[in-house]
Amino acid sequence: MSFGLGRPSVNNNTPDWPLDDPSTLWSAASEGYLTILQDCLRTLQQTPDCADENGYTLLQAAASYGQISVMEWLLQQPQVRVDATDHDGDTALHHATTVPAAQILLQKQPALLYQRNQEQQTALEAKQAELQEILDDPDHEDDDEELVQLKAMVEFLQSASHVAQ
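Residue numbering for the sequence shown is 7 to 171, as defined by my numbering.
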């Protein structure tokens, strides 16, 4: 199953994705097309808490690409568990790439800060390891958007951890 390359910006050009294709669910969630996601769920007779073969949920897909409106809608659905994990034990907070996405998840369930994946890492520890890996690469660029967002995520999760203690 392929996932879309999500962008947090709004796109007025609605893609012509087949509603009867399960990959459309994750593409719509990751690219922020809420109406397509809802239509596809109805067409496929799926629930908003569905997961792919790797346990990757729609909430995790939306969090991975900072799709706030999709996240907010999913979190309003009674079937969706904010603490659901994929096969690696990662939650939506482990997958989140933007501070606003992390804020929404922690507002819904603050205990996500302490949930560990199969590598025994909290979301903060996983993000710190990811950041260190990038910083250790001699070819990294300090102004790379992904690096800037990752640094902001680490700072936010650190401050959230201190507040929660």
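Positions of the beta carbon are idealized from the N, C-alpha and C atoms, including for glycine.
> Does DSSP classify residue 102 as helix, strand or coil?
Replying inline: Mapped onto the sequence shown, residue 102 falls at position 96. Coil at residue 102, not helix or strand.
> Among 104, 91 and 68, which residue has its Cα nearest to the Cα of residue 127?
Replying inline: Position 121 of the sequence shown, counting from 1, holds the residue named residue 127. Among 104, 91 and 68, the Cα nearest to that of residue 127 is on 91.
> Mind checking whether residue 112 and residue 35 have CB atoms under 7 Å apart?
Replying inline: Residue mapping note: residue 112 aligns to position 106 of the sequence shown, counting from 1. Residue mapping note: residue 35 aligns to position 29 of the sequence shown, counting from 1. Contact flag unset, no.
> How would you call residue 135, buried or exposed, if buried means at least 16 neighbouring beta carbons within 10 angstroms?
Replying inline: Along the sequence shown, read from residue 1 onward, the residue named residue 135 stands at position 129. Answer is exposed; the Cβ neighbour count stays below 16.
>> At 4 residues or longer, what runs of the alpha helix (DSSP H) sit wholly inside the stretch 114 to 156?
In response: 129 to 142
> When you compare only the Cα positions, how much space is there between residue 16 and residue 48?
Replying inline: Within the sequence shown, numbered from 1, the residue matching residue 16 stands at position 10. Within the sequence shown, numbered from 1, the residue matching residue 48 stands at position 42. At residue 16 the pLDDT is 49, less than 50, meaning the model places this residue with poor confidence; the figure from the coordinates comes in the next sentence. Going from the Cα of residue 16 to the Cα of residue 48 covers about 23 Å.
> Helix, strand or coil: which one does DSSP assign to residue 67?
Replying inline: The count along the sequence shown starts at 1 and reaches residue 67 at position 61. Helix, per DSSP.
>> Tell me which residues share the same chain as residue 46 and place their Cβ nearer than 7 Å to its Cβ, disregarding the 5 neighbours each side in the sequence.
In response: For the purposes of this step, residue 46 is identified with residue 40 of the sequence shown, where counting begins at 1. Excluding positions up to five away in sequence, the list reads 25, 30, 31 and 34.
> For the alpha helix (DSSP H) that contains residue 76, what are its first and last residues?
Replying inline: Counting from 1 along the sequence shown, the entry for residue 76 is found at position 70. Here the alpha helix (DSSP H) through residue 76 covers 74 to 82.
>> Whether or not the stretch 97 to 116 and the stretch 63 to 74 are in contact is what I'm after, with contact meaning three or more pairs of Cβ atoms, one per stretch, closer than 8 Å; do they touch?
In response: yes
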